[in-house]
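Student: From first to last, the protein sequence lines stand for chains A and B. Going by the working numbering, the residue at position 136 of the first sequence is 136; the numbering climbs one at a time, nothing skipped. Going by the working numbering, the residue at position 311 of the second sequence is 311; the numbering climbs one at a time, nothing skipped. Handing you a structure now.
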Amino acid sequence: MSVETGGSSAAEELMPTAPAAAAGLAPAAGAAEELIQLLTPEGQRIRHSDYPLDVSARELQGLYRDLVLVRRVDTEAVGLQRQGELGLWASLLGQEAAQVGSGRALSPQDMAFPSYREHGVAWCRGVSPLKLLELFRGVSNGGWDPAEHKFHLYTIVIGSQTLHATGYAMGVQRDGLTGGSTNGDSANGDGANGDGANGNGSEAVIAYFGDGATSQGDVSEAFNWAAVNNAPIVFFCQNNQWAISEPFERQSRVPIYQRSRGFGFPGLRVDGNDVLACLAVTRQALKAAREGQGPTLIEAFTYRMGAHTTTDDPTRYRVAAELEAWKLRDPIERVKAYLLRSGAAEAGFIDEVDAEADQLGRWLRDACRAMPDPAPLSMFEHVYAGPQPILDGERDAYAAYLDSFADTAAPPPEPDDDEAQPAQPAVAQAFARGGEEL
Amino acid sequence: MSTLTLARSLNEGLRRALEDDPKVLIMGEDVGKLGGVFRITDGLQKDFGESRVMDTPLAESGIVGTAIGLALRGYRPVCEIQFDGFVYPAFNQIVAQLAKMRYRSRGQLALPVVIRIPFGGGIGAVEHHSESPEVLFAHTAGLRVVACSSGPDAYTMIQQSIRSDDPVIFFEPKRRYWEKAEVDTAAPVSEALPLDAARVVAEGSDATVLAYGPMVKVAVDAAAAAREDGRSLEVIDLRSLSPLDLPTVADSVRRTGRCVVVHEAPVYAGLGAEIAARVTEECFYSLESPVLRVGGFSIPYPASRNEDHYLPDLDRVLDAVDRAFAF
Ligand SMILES: Cc1ncc(C[n+]2csc(CCOP(=O)(O)OP(=O)(O)O)c2C)c(N)n1
Ligand SMILES: [Mg+2]
Numbered sequence: 001m002s003v004e005t006g007g008s009s010a011a012e013e014l015m016p017t018a019p020a021a022a023a024g025l026a027p028a029a030g031a032a033e034e035l036i037q038l039l040t041p042e043g044q045r046i047r048h049s050d051y052p053l054d055v056s057a058r059e060l061q062g063l064y065r066d067l068v069l070v071r072r073v074d075t076e077a078v079g080l081q082r083q084g085e086l087g088l089w090a091s092l093l094g095q096e097a098a099q100v101g102s103g104r105a106l107s108p109q110d111m112a113f114p115s116y117r118e119h120g121v122a123w124c125r126g127v128s129p130l131k132l133l134e135l136f137r138g139v140s141n142g143g144w145d146p147a148e149h150k151f152h153l154y155t156i157v158i159g160s161q162t163l164h165a166t167g168y169a170m171g172v173q174r175d176g177l178t179g180g181s182t183n184g185d186s187a188n189g190d191g192a193n194g195d196g197a198n199g200n201g202s203e204a205v206i207a208y209f210g211d212g213a214t215s216q217g218d219v220s221e222a223f224n225w226a227a228v229n230n231a232p233i234v235f236f237c238q239n240n241q242w243a244i245s246e247p248f249e250r251q252s253r254v255p256i257y258q259r260s261r262g263f264g265f266p267g268l269r270v271d272g273n274d275v276l277a278c279l280a281v282t283r284q285a286l287k288a289a290r291e292g293q294g295p296t297l298i299e300a301f302t303y304r305m306g307a308h309t310t311t312d313d314p315t316r317y318r319v320a321a322e323l324e325a326w327k328l329r330d331p332i333e334r335v336k337a338y339l340l341r342s343g344a345a346e347a348g349f350i351d352e353v354d355a356e357a358d359q360l361g362r363w364l365r366d367a368c369r370a371m372p373d374p375a376p377l378s379m380f381e382h383v384y385a386g387p388q389p390i391l392d393g394e395r396d397a398y399a400a401y402l403d404s405f406a407d408t409a410a411p412p413p414e415p416d417d418d419e420a421q422p423a424q425p426a427v428a429q430a431f432a433r434g435g436e437e438l
Numbered sequence: 001m002s003t004l005t006l007a008r009s010l011n012e013g014l015r016r017a018l019e020d021d022p023k024v025l026i027m028g029e030d031v032g033k034l035g036g037v038f039r040i041t042d043g044l045q046k047d048f049g050e051s052r053v054m055d056t057p058l059a060e061s062g063i064v065g066t067a068i069g070l071a072l073r074g075y076r077p078v079c080e081i082q083f084d085g086f087v088y089p090a091f092n093q094i095v096a097q098l099a100k101m102r103y104r105s106r107g108q109l110a111l112p113v114v115i116r117i118p119f120g121g122g123i124g125a126v127e128h129h130s131e132s133p134e135v136l137f138a139h140t141a142g143l144r145v146v147a148c149s150s151g152p153d154a155y156t157m158i159q160q161s162i163r164s165d166d167p168v169i170f171f172e173p174k175r176r177y178w179e180k181a182e183v184d185t186a187a188p189v190s191e192a193l194p195l196d197a198a199r200v201v202a203e204g205s206d207a208t209v210l211a212y213g214p215m216v217k218v219a220v221d222a223a224a225a226a227r228e229d230g231r232s233l234e235v236i237d238l239r240s241l242s243p244l245d246l247p248t249v250a251d252s253v254r255r256t257g258r259c260v261v262v263h264e265a266p267v268y269a270g271l272g273a274e275i276a277a278r279v280t281e282e283c284f285y286s287l288e289s290p291v292l293r294v295g296g297f298s299i300p301y302p303a304s305r306n307e308d309h310y311l312p313d314l315d316r317v318l319d320a321v322d323r324a325f326a327f
């Protein structure tokens with residue numbers, strides 16, 4: 001069945017005009033009318049002339065499923081940290097829609113550059129949640145293959161990845177995979193009209209970062225570089241209102257989405273708790289990038305509902321009422337309400353997804369606990385492309401040193417990479433769907 | 001005397017400095033209401049106000065760059081860098097500007113800026129939260145580089161650093177923040193051991209072990225263990241990494257004839273290399289063995305499940321002592 005915006009379905013009557021709905025979410029004075037929203041906190045679908053999003057019932061179900069499952073990954077990870085299985089976890093609670101919406105807007109060939117909280121985007125790119133846990137458990141610094149998933153490693157040093165993403169986009173441009181004018185000097189050999197220029201092969205890049213990150217010089221430089229080069233990139237800023245303990249007012253006197261104007265490219269503010277709006281706006285910005293229209297800044301207006309990380313105590317710096325207000329704008333509840341009200345899904349579907357989440361949670365807990373420690377000598381690997389005599393000498397000396405304890409205590413066993421781990425259930429494999437539908 | 005954690009000692013030292021001199025300012029990410037992620041500045045914004053204890057935008061280059069400007073205007077800013085691995089965005093401001101201003105102005109400009117950096121590993125953290133970049137700064141002329149290892153020193157050294165007319169990079173051993181000690185907050189700072197002096201923390205006669213920051217405790221524990229084996233180790237807490245208190249080190253090594261330097265930072269081109277060269281030059285005829293170094297490997301700081309293999313511990317220090325005796 002269809003719940004498309006343009007149809008004369010039952011959904012039609014549920015769609016008031018944008019301003020009326022957005023008034024229910026007035027984040028700051030004067031900002032409400034600029035906030036792009038397609039699904040209200042109450043689950044009402046609203047029409048937006050610039051974003052005529054067509055979403056089938058099946059797609060809507062898929063988004064709901066993504067949202068519920070990534071939240072479950074997050075909840076489990078917080079629990080595992082509390083039990084000492086993880087050293088740390090950076091929760092995405094409250095930011096599921098921003099991440100799933102933008103993540104599902106990506107085409108398989110698009111490249112994403114995350115910060116450290118993009119577990120929902122990782123999910124959409126087919127990165128196993130277990131790989132994320134590895135990092136926070138201290139087993140690796142990010143064990144997935146960025147090229148395979150088109151999802152770069154997490155970047156913890158704030159803002160750095162925005163420049164990497166911009167440079168990557170400049171490479172896409174030079175490979176001739178962007179349509180239209182590159183605004184670049186053709187002497188650069190950027191091959192603007194190469195094969196993939198207007199076809200399916202066109203690529204775009206997306207960079208994720210937070211509100212705090214907008215203060216970093218790197219991010220301003222990335223904006224400028226992208227603009228000067230007309231690079232095919234979308235800057236996706238999740239304004240979750242907080243940078244650890246600092247509220248947004250400590251970072252900027254103007255709304256984030258307005259920052260791009262000074263650099264010469266458009267900026268938009270979207271309801272970051274509205275998965276449909278995030279999907280539609282990001283999709284359109286990616287399309288513009290692919291077509292050679294250059295960068296777009298998207299500010300996803302959302303809220304960090306949890307602590308900054310599991311070591312943080314937000315009661316020290318923010319009032320509980322703020323969280324309560326944002327709970328009413330929960331990114332998942334509104335999709336559920338809309339699904340049920342519009343008839344796009346029945347209660348049975350909701351139960352199925354819950355059961356699937358339970359199964360995913362069980363697998364994640366077991367697999368995390370079974371994850372072996374890295375072999376001590378593995379820390380000497382991959383520092384350089386080839387042998388390095390000083391380093392190799394240090395490794396050999398340390399191996400001999402460890403051997404000297406062999407009599408007194410058995411050295412930790414060299415783990416067998418996959419063997420110790422529980423088999424992955426179908427539900428956990430499903431994260432690999434990677435944008436197949438949307 | 002009061003029993004304080006190292007973190008609390010720093011907090012008391014900062015409070016004292018804010019009270020003593022209205023020009024002292026504190027600036028950094030989350031240093032206000034939160035009191036910093038390690039609570040070193042806990043309560044200071046509440047008591048001294050937002051204009052003296054500033055939550056800054058999230059930009060390290062901005063923190064140090066504006067601190068330089070404030071210092072030019074007569075203030076004494078104390079900057080907090082949240083973790084060791086986040087100082088690099090400020091590197092340009094520190095090495096190209098902060099370190100050189102006095103020299104460039106032929107002594108007309110002073111920049112009394114303190115940059116506090118929690119450093120070192122051992123807390124099971126993710127990437128960039130466990131590094132030991134001290135030698136990058138020790139290599140830069142114009143900067144003083146110090147590392148405290150205990151609460152009493154933390155309390156006095158932070159105040160001495162703030163009073164210094166040179167910029168000071170102040171390293172704090174984050175894994176020792178929660179260790180408690182007796183601190184005499186009534187004793188005048190002016191009578192404390194000078195900031196650039198090393199301290200003999202355990203006397204001994206068979207070998208000298210040099211350490212600083214988080215490794216001082218490891219060295220002291222190693223000395224206690226060695227004593228059971230009949231070996232007497234002298235442990236020196238260097239405290240100042242630039243300049244180095246070479247006379248204190250050389251006096252000791254001339255008596256013991258053996259020297260082991262311990263730090264978390266990679267051995268390669270680390271502070272131990274400088275010390276080994278200096279000790280060899282100064283004490284050549286007293287040495288029974290080469291100066292040996294115990295430290296990190298020539299790799300990026302590993303994922304935390306391997307950090308116990310990376311970090312020097314008691315066994316690795318004793319292993320080096322054994323090797324020194326085997327020569
Ligand atoms: C260069 C740098 N400085 C400081 C930090 C410590 N730090 C980690 S997260 C964070 C706040 C980031 O806020 P924001 O950009 O809004 O992202 P969010 O955590 O809210 O997703 C800070 C200061 C860091 N990781 N990198
Ligand atoms: Mg934020």
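All C-beta atoms, glycine included, are put in the ideal place defined by N, C-alpha and C. Since the structure is predicted, the reported quantities are computational estimates derived from the model, not experimental observations.
(1) Identify, in the order they occur along the chain, each residue of the same chain with its Cβ nearer than 6 Å to the Cβ of F235(A), setting aside the five sequence neighbours on each side.
(2) In angstroms with no decimal places, state the Cα-to-Cα distance between E94(B) and E288(B).
(3) In chain order, what are the residues with a CB under 7 Å from some non-hydrogen atom of ligand 2?
(4) Check the Cβ-Cβ distances between V139(A) and every residue of chain B, and say whether any is below 8 Å.
(5) Hey, how far is the Cα of A375(A) from the Cα of E134(A)?
(6) Taking the Cβ atom as the reference point for each residue, do V216(B) and V200(B) lie within a distance shorter than 8 Å?
(7) Show which residues of chain A have a CB atom less than 9 Å away from the CB atom of G85(B).
(8) Check distances from the C-beta atoms of the region 23 to 37 of chain B to those of chain A and list, in chain order, the residues that come in under 8 Å.
(9) Starting from Q93(B), follow the beta strand (DSSP E) in both directions and report where the run begins and ends.
(10) Hey, is H48(A) close to ligand 1, as in C-beta under 7 Å from one of its heavy atoms?
(11) For F38(B) versus A7(B), is the C-beta distance shorter than 8 Å?
(12) Take S232(B) as the anchor and find which of D206(B), P188(B), A96(B) has the nearest alpha-carbon.
(13) Find the residues of chain B that neighbour V383(A), judging by a C-beta separation of less than 8 Å, and give them in chain order.
(14) Tell me which same chain residues have a C-beta within less than 6 Å of the C-beta of D195(A), skipping the five on either side of it?
(15) Would you check if the region 82 to 90 of chain A and the region 57 to 71 of chain A touch, i.e. whether three or more CB-CB distances between them fall below 8 Å?
(16) Note down the Cα distance separating G138(A) from G296(B), rounded to an integer number of angstroms.
(17) Is it true that the CB of S61(B) sits closer than 8 Å to the CB of G217(A)?
(18) Measure the C-alpha to C-alpha separation of V100(A) and G120(A) and round it to an integer number of angstroms.
(19) Along the chain, where does the beta strand (DSSP E) that runs through A344(A) open and close?
(20) I want to verify the contact list: residues of chain B whose CB lies under 7 Å from the CB of G212(A), in sequence order.
(21) For R72(A), I'd like the list of residues in its chain whose CB is within less than 7 Å of its CB, leaving aside the five on either flank, ordered along the chain.
(22) Chain A beta carbons: is any one of them nearer than 8 Å to that of P312(B)?
(23) Beta carbon of A99(B), beta carbon of G142(B): below 8 Å?
(24) Which residues, in order along the region 386 to 397 of chain A, keep a beta-carbon less than 8 Å from a beta-carbon of chain B?
(25) Since Q216(A) meets chain B, which of its residues come closer than 9 Å, beta carbon to beta carbon?
(26) Could you name the residues that DSSP lists as bridge partners for Y51(A)?
(27) Consider the Cβ of L305(B): report whether some Cβ of chain A lies at a distance smaller than 8 Å.
(28) Examine chain A for any beta-carbon lying closer than 8 Å to the beta-carbon of H263(B), and answer yes or no.
(29) Closest Cβ-Cβ distance between D418(A) and chain B: below 8 Å?
(30) Using a beta-carbon distance below 8 Å, is D403(A) in contact with chain B?
(31) Which residues mark the beginning and the end of the alpha helix (DSSP H) in which G470(A) is found?
(32) Answer with buried or exposed for W123(A), where buried requires no fewer than 16 other C-beta atoms within 10 angstroms of its C-beta.
(33) Alpha carbon to alpha carbon, how far is A400(A) from A326(B)? Give it in angstroms, no decimals.
(34) From the beta carbon of D319(B), is the nearest beta carbon of chain A less than 8 Å away?
(35) Return the first residue and the last residue of the alpha helix (DSSP H) that C148(B) is part of.
(36) Whose Cβ in chain A lies nearer than 7 Å to the Cβ of E127(B)?
Tutor: Result, derived from the coordinates:
(1) Residue mapping note: residue 235(A) aligns to position 235 of the first sequence, counting from 1. Cβ contact annotation for F235(A) (same chain, cutoff 6 Å, sequence separation greater than five): A207, L297, in chain order.
(2) Along the second sequence, one-based indexing puts residue 94(B) at 94. Along the second sequence, one-based indexing puts residue 288(B) at 288. This sequence places Ile at residue 94(B); Glu is not what is there. Straight-line Cα distance between these residues: approximately 40 Å.
(3) This criterion selects G210(A), D211(A), G212(A), Q238(A), N239(A), N240(A), Q241(A), W242(A), A243(A), R304(A).
(4) Locating residue 139(A) in the first sequence gives position 139, where the first residue counts as 1. For V139(A), the answer is yes, since a Cβ of chain B falls inside 8 Å of its Cβ.
(5) Reading the first sequence from its first residue, position 375 is the one you call residue 375(A). Reading the first sequence from its first residue, position 134 is the one you call residue 134(A). So the two alpha carbons sit approximately 14 Å from each other.
(6) Position 216 of the second sequence, counting from 1, holds the residue named residue 216(B). Position 200 of the second sequence, counting from 1, holds the residue named residue 200(B). No.
(7) As a first step, residue 85(B) must be located in the second sequence, where it is residue number 85. Below the 9 Å Cβ cutoff, chain A contributes I156, V157 as neighbours of G85(B), in chain order.
(8) Look at the region 23 to 37 of chain B: the residues with a C-beta under 8 Å from a C-beta of chain A are E29, D30, G32, K33, L34, G35, V37.
(9) In the second sequence, residue 93(B) corresponds to position 93, counting from 1. Annotation for Q93(B): no beta strand (DSSP E) segment contains it, and DSSP assigns it neither H nor E.
(10) The residue given as residue 48(A) occupies position 48 in the first sequence. Every heavy atom of ligand 1 is 7 Å or more from the Cβ of H48(A), so no.
(11) As a working note, residue 38(B) is residue 38 in the second sequence. As a working note, residue 7(B) is residue 7 in the second sequence. Here F38(B) is near A7(B), since their CB atoms are less than 8 Å apart.
(12) The count along the second sequence starts at 1 and reaches residue 232(B) at position 232. The shortest Cα separation from S232(B) among D206(B), P188(B), A96(B) belongs to D206(B).
(13) In the first sequence, residue 383(A) corresponds to position 383, counting from 1. Against V383(A), the close residues of chain B are S298, I299, P300, in the order they occur along the chain (beta-carbon pairs closer than 8 Å).
(14) Walking along the first sequence from the start, residue 195(A) turns up at place 195. Residue placement at D195(A) cannot be trusted, given a pLDDT of 38 that sits under 50; the coordinates are not used to answer.
(15) Fewer than three pairs of CB atoms, one per stretch, sit closer than 8 Å, so the region 57 to 71 of chain A makes no contact with the region 82 to 90 of chain A.
(16) Here residue 138(A) refers to the residue found at position 138 when the first sequence is read from its first residue. Here residue 296(B) refers to the residue found at position 296 when the second sequence is read from its first residue. The alpha-carbon of G138(A) is positioned some 18 Å away from that of G296(B).
(17) For the purposes of this step, residue 217(A) is identified with residue 217 of the first sequence, where counting begins at 1. For the purposes of this step, residue 61(B) is identified with residue 61 of the second sequence, where counting begins at 1. S61(B) sits close to G217(A), with the two beta carbons spaced by under 8 Å.
(18) Taking the first sequence and counting its residues from 1, the one referred to as residue 100(A) is at position 100. Taking the first sequence and counting its residues from 1, the one referred to as residue 120(A) is at position 120. Distance from the CA atom of V100(A) to the CA atom of G120(A), rounded to whole angstroms, is 6 Å.
(19) Position 344 of the first sequence, counted from the start, is the residue given in the question as residue 344(A). Boundaries cannot be given for A344(A), as no beta strand (DSSP E) includes it and DSSP labels it neither H nor E.
(20) Locating residue 212(A) in the first sequence gives position 212, where the first residue counts as 1. Within chain B, the residues near G212(A) are L58.
(21) Your numbering for residue 72(A) matches position 72 in the first sequence. Close CB contacts of R72(A) within its chain, under the 7 Å cut and outside five residues either way in sequence, are with A357, L360, G361 (chain order).
(22) For the purposes of this step, residue 312(B) is taken as the residue at position 312 of the second sequence. So no, P312(B) is outside the interface.
(23) In the second sequence, residue 99(B) corresponds to position 99, counting from 1. In the second sequence, residue 142(B) corresponds to position 142, counting from 1. Taking a C-beta distance under 8 Å as the contact criterion, A99(B) and G142(B) qualify as a contact pair.
(24) Near chain B, meaning a CB-to-CB distance below 8 Å, the residues of the region 386 to 397 of chain A are Q388, I390, L391, E394, R395.
(25) Sequence index remark: in the first sequence, residue 216(A) carries index 216 (1-based). Ordered by position in chain B, the residues that pass the 9 Å Cβ test against Q216(A) are P57, L58, A59, E60, S61, G62, P89.
(26) For this step, residue 51(A) is matched to residue 51 along the first sequence. DSSP output for Y51(A) lists no bridge partner at all.
(27) One-based indexing of the second sequence puts residue 305(B) at position 305. The sequence given here has Arg at residue 305(B), not Leu. Yes, its Cβ sits closer than 8 Å to a Cβ of chain A.
(28) Along the second sequence, one-based indexing puts residue 263(B) at 263. Chain A, which has no Cβ nearer than 8 Å to the Cβ of H263(B), makes this no.
(29) For the purposes of this step, residue 418(A) is identified with residue 418 of the first sequence, where counting begins at 1. Summary for D418(A): the model assigns pLDDT 48, below 50, so the residue's position carries little reliability; its value from the coordinates is reported in the next sentence. Under the Cβ criterion of 8 Å, D418(A) is not counted among the residues facing chain B.
(30) Residue 403(A) sits at position 403 when you count from the first residue of the first sequence. No, its Cβ sits nowhere closer than 8 Å to a Cβ of chain B.
(31) The question about residue 470(A) has no answer here: the residues shown for chain A are numbered 1 through 438.
(32) Residue mapping note: residue 123(A) aligns to position 123 of the first sequence, counting from 1. Buried is the call here.
(33) Here the question's residue 326(B) lines up with position 326 in the second sequence. Here the question's residue 400(A) lines up with position 400 in the first sequence. Rounded to the nearest angstrom, the two C-alpha atoms are 17 Å apart.
(34) One-based indexing of the second sequence puts residue 319(B) at position 319. With 8 Å as the cut-off, D319(B) counts as an interface residue toward chain A.
(35) Against the second sequence, residue 148(B) aligns to sequence position 148. C148(B) -> no alpha helix (DSSP H), and no H or E assigned at all.
(36) In the second sequence, counting from the first residue as 1, residue 127(B) sits at position 127. Near E127(B) (Cβ distances below 7 Å), the residues of chain A are N141, I156.
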